[in-house]
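Encoded as structure tokens, the structure appears first; notes follow it.
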Amino acid sequence: MTLNELLPFIGCSELNAGLGQLLKSAGANIASLSMKKLRSQGVEGMELHAEGLALTFNEREDYIRTYAEPKDKGEAILVAVFAYGAGSKAFKPYQGPIPFSKGPIANRQDALREFGTPLRTEEEDDVVEWDQWLKDGVQMRATYRDDGSVKVLSFTVPFKK
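Residues in the sequence shown are numbered consecutively from 49, following the working numbering.
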């Protein structure tokens, strides 16, 4: 499973057959989402350690208030996809293609080269913590380790304005 395959499903729910089939191809089951946790906490996650990916689902009403109208009528709406870089203790590094880039993104220099000037940057004590871009309606963020290597790339629905 790749980010390019997952991103079209951002905004879709557990009812989307294509999302269910894609997750099944990676050994995951969308039916394993806890609807009780989703209702009580407003969010539920799915970790695909071997793929280097994690997904976050929002409860429908929270998704509508915070982001947009979902693409279908389900209750667990895919809001974010995270791809882990090398060095994660729990996740293998994501090895697939990176949307909006021509090559791998291993560090901040790669991210700036591929994605351009960030819309926002968070920096503390002269160390850049993350950069954020908006590409084709997807909010992207690269979070870095202190050495500038990529800790995680995230792809999310932008907040309502």
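The C-beta atom is built at its ideal place from N, Cα and C for all residues, glycine as well.
Name the one or two DSSP bridge partners that SER61 has. The partner list for SER61 (beta bridge, DSSP) reads ILE125.
Alpha carbon to alpha carbon, how far is ARG156 from SER197? Straight-line measurement puts the Cα of SER197 at about 6 Å from the Cα of ARG156.
Which runs of the alpha helix (DSSP H) at least 4 residues long sit entirely within the stretch 124-193? Give them in chain order. Complete alpha helix (DSSP H) runs here, min 4: 156-163.
Can you tell me whether LEU182 is buried or exposed, with buried defined as 16 or more other CB within 10 angstroms of its CB? Around the C-beta of LEU182, fewer than 16 other C-beta atoms lie within 10 Å, and the residue is accordingly described as exposed.
Which residues in the same chain as GLY75 place their Cβ atom closer than 7 Å to its Cβ, once the five residues preceding and following it in sequence are excluded? If the five residues before and after GLY75 are omitted, its C-beta is found closer than 7 Å to no C-beta atom of its own chain.
Touch test, the stretch 72-90 against the stretch 155-170, Cβ-Cβ under 8 Å, three pairs minimum: Pairwise C-beta distances place the stretch 72-90 out of contact with the stretch 155-170, as fewer than three of them are shorter than 8 Å.
Contained beta strand (DSSP E) runs [length at least 3] in the stretch 63-101, N- to C-terminal order: Along the stretch 63-101, the beta strand (DSSP E) occurs as fully enclosed runs of 3 or more residues at 91-96, listed in sequence order.
Taking ALA98 as the reference, which of SER73, PHE57 and ARG189 has the closest Cα? For the options SER73, PHE57 and ARG189, the alpha carbon positioned closest to that of ALA98 is the one of SER73.
Helix or strand or just coil, what does DSSP make of GLU107? DSSP places GLU107 in strand when its eight states are reduced to three.
Compute the beta-carbon to beta-carbon distance between GLY122 and GLU107, rounded to the nearest angstrom, for a pair I have assumed lies under 8 Å. About 11 Å separates the Cβ atoms of GLY122 and GLU107, ruling out a contact at the 8 Å cut-off.
Helix, strand or coil for THR50, going by three-state DSSP, please let me know. DSSP, reduced to helix, strand and coil, places THR50 outside both helices and strands of the structure shown, so it counts as coil.
For GLU62, I'd like the list of residues in its chain whose CB is within less than 8 Å of its CB, leaving aside the five on either flank, ordered along the chain. If we look at GLU62 and ignore the five residues flanking it on each side, its Cβ neighbours are GLY68, ILE78, ALA79, LEU81, PHE105, GLY122, GLU123 and ALA124.
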